[in-house]
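A.B. asks: Right, I'll just put the structure down here and ask away after.
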Amino acid sequence: MASRSSTSATTSPPRHRARRHQEDVNVVGLSSYNGGHIVFFKEVADQLKKSGNGDIPVFGGGGGTITQADARVMKRQGTDRIISPARPSIR
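First residue of the sequence shown? That's 0 in numbering that gives the first Met the number 0, and the numbers climb one at a time after it.
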């Protein structure tokens, strides 16, 4: 059975990394509705890589705030998949 963990929208990337060590994390799911998604998702992916956990996929969404152009940038920066209710996931 998979476990689920949640952190608030204001959780810093280093805190996400610390949670990964405390719990048996298989994937990181992030949500962003405030427009800071490109920088935030990249920082989380970078922190995972720096801590030797670059194999953990980063998924995310943000309703309509993450454009397809933003999603392509985020993919190049380490986000594995962006999910949006408005369109199929960008892989």
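Quick reminder that beta carbons are idealized off the backbone N, C-alpha and C, glycines included.
To the nearest angstrom, how far is it from the Cα of Ile82 to the Cα of Ile37?
C.D. replies: The alpha-carbon atoms of Ile82 and Ile37 are separated by roughly 14 angstroms.
A.B. asks: So, Gly59 versus Gly28, is the Cβ gap smaller than 9 angstroms?
C.D. replies: Cβ atoms of Gly59 and Gly28: closer than 9 angstroms.
A.B. asks: At what residues does the beta strand (DSSP E) containing Ile37 begin and finish?
C.D. replies: Here Ile37 belongs to no beta strand (DSSP E); instead the alpha helix (DSSP H) covers 36-49.
A.B. asks: Just tell me which of Tyr32, Asp23, Leu47, Phe40 has its CA closest to the CA of Arg71.
C.D. replies: The option with the nearest alpha carbon to Arg71 is Phe40.
A.B. asks: Does Ala44 pass the burial test, meaning 16 or more other C-beta atoms within 10 Å, or should it be called exposed?
C.D. replies: Classification for Ala44: buried.
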